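A.B. asks: Structure in structure tokens, see below.
Residue numbers (our numbering): 475 to 631.
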């Protein structure tokens with residue numbers, strides 16, 4: 475079969491087909507190596523409370539659309555949903571459970587510096603106008619304006 479026919483059949487470029495043919499031995503070796511490594515991998519434990527985790531995950535997705543979240547908020551909400559769906563069973567929302575929950579659902583929480591997530595987006599235009607007015611009034615350059623959001627100031631008496 476010609477490379478152009480293969481590229482049409484699989485929806486890839488001819489360059490990809492040529493690359494695979496050129497590096498066929500390396501690719502087969504890496505495939506054999508990765509297959510031998512998968513035998514040592516362990517499966518992720520399934521969840522003990524599937525209804526609670528499903529609802530918690532949907533809640534998490536909706537919350538992340540509008541607000542930031544952290545581990546503490548997730549564990550508190552997990553306890554809340556657990557009490558609704560499984561009131562007779564105990565649940566502590568431990569660090570291990572949280573780790574596995576995030577791993578099962580591919581959740582990665584990132585920390586954003588400053589207060590960028592809670593910023594008033596609608597007030598930015600007014601702030602810029604006020605800042606420009608103050609700068610012209612006080613005869614300041616842009617190089618004289620500093621962001622002191624995360625500045626640490628040590629005070630000595």
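Ideal Cβ positions, reconstructed from N, Cα and C, are used throughout, including at glycine.
Quick caveat, the model's predicted, so the values are computed rather than measured.
Compare the beta carbon distance of residue 492 and residue 477 with 8 angstroms and say whether it is the shorter of the two.
C.D. replies: For residue 492 and residue 477, yes; Cβs fall inside 8 angstroms.
A.B. asks: State the start and end residues of the unbroken alpha helix (DSSP H) segment that holds residue 479.
C.D. replies: Start and end: 477-484.
A.B. asks: Any idea what DSSP makes of residue 543, helix, strand or coil?
C.D. replies: Residue 543: coil per DSSP, three-state reduction.
A.B. asks: Using the beta-carbon count (16 or more within 10 Å), is residue 607 buried or exposed?
C.D. replies: Exposed, since its Cβ has fewer than 16 Cβ neighbours within 10 Å.
A.B. asks: Do you know offhand how far residue 497's Cα is from residue 490's?
C.D. replies: Their Cα atoms are separated by approximately 11 angstroms.
A.B. asks: Quick one, are the C-beta atoms of residue 534 and residue 548 less than 8 angstroms apart?
C.D. replies: Contact flag set, yes.
A.B. asks: Keeping to the same chain, check which residues put their C-beta closer than 7 angstroms to that of residue 488; ignore five residues upstream and five downstream.
C.D. replies: Counting only Cβ-Cβ distances below 7 angstroms, and skipping sequence neighbours, we find 477, 478 and 481.
A.B. asks: So, do the stretch 575-584 and the stretch 539-554 have three or more beta carbon pairs nearer to each other than 8 angstroms?
C.D. replies: With the cut-off at 8 angstroms, the stretch 575-584 and the stretch 539-554 touch.
A.B. asks: Which one of 555, 524, 557 and 605 has the shortest CA to CA distance from residue 574?
C.D. replies: The shortest Cα separation from residue 574 among 555, 524, 557 and 605 belongs to 524.
A.B. asks: Would you mind sorting residue 541 into buried or exposed? The rule is 16 or more other CB atoms within 10 Å of its CB.
C.D. replies: Result: exposed.
A.B. asks: Got a sec? Which residues, its chain only, sit under 7 angstroms from residue 501 by beta carbon, not counting five neighbours each side?
C.D. replies: Cβ neighbours of residue 501 beyond the five flanking positions: 494.
A.B. asks: How far does the alpha helix (DSSP H) with residue 603 in it reach, from first residue to last?
C.D. replies: First-last of the alpha helix (DSSP H) with residue 603: 598-612.
A.B. asks: For a test of the three-state rule: what should DSSP assign to residue 504, helix, strand or coil?
C.D. replies: Of the three classes helix, strand and coil, the one that applies to residue 504 here is helix, per DSSP.
A.B. asks: Enumerate in chain order the residues of its own chain whose CB-to-CB distance from residue 529 is below 6 angstroms, with the five nearest sequence positions on each side excluded.
C.D. replies: Around residue 529: 555.
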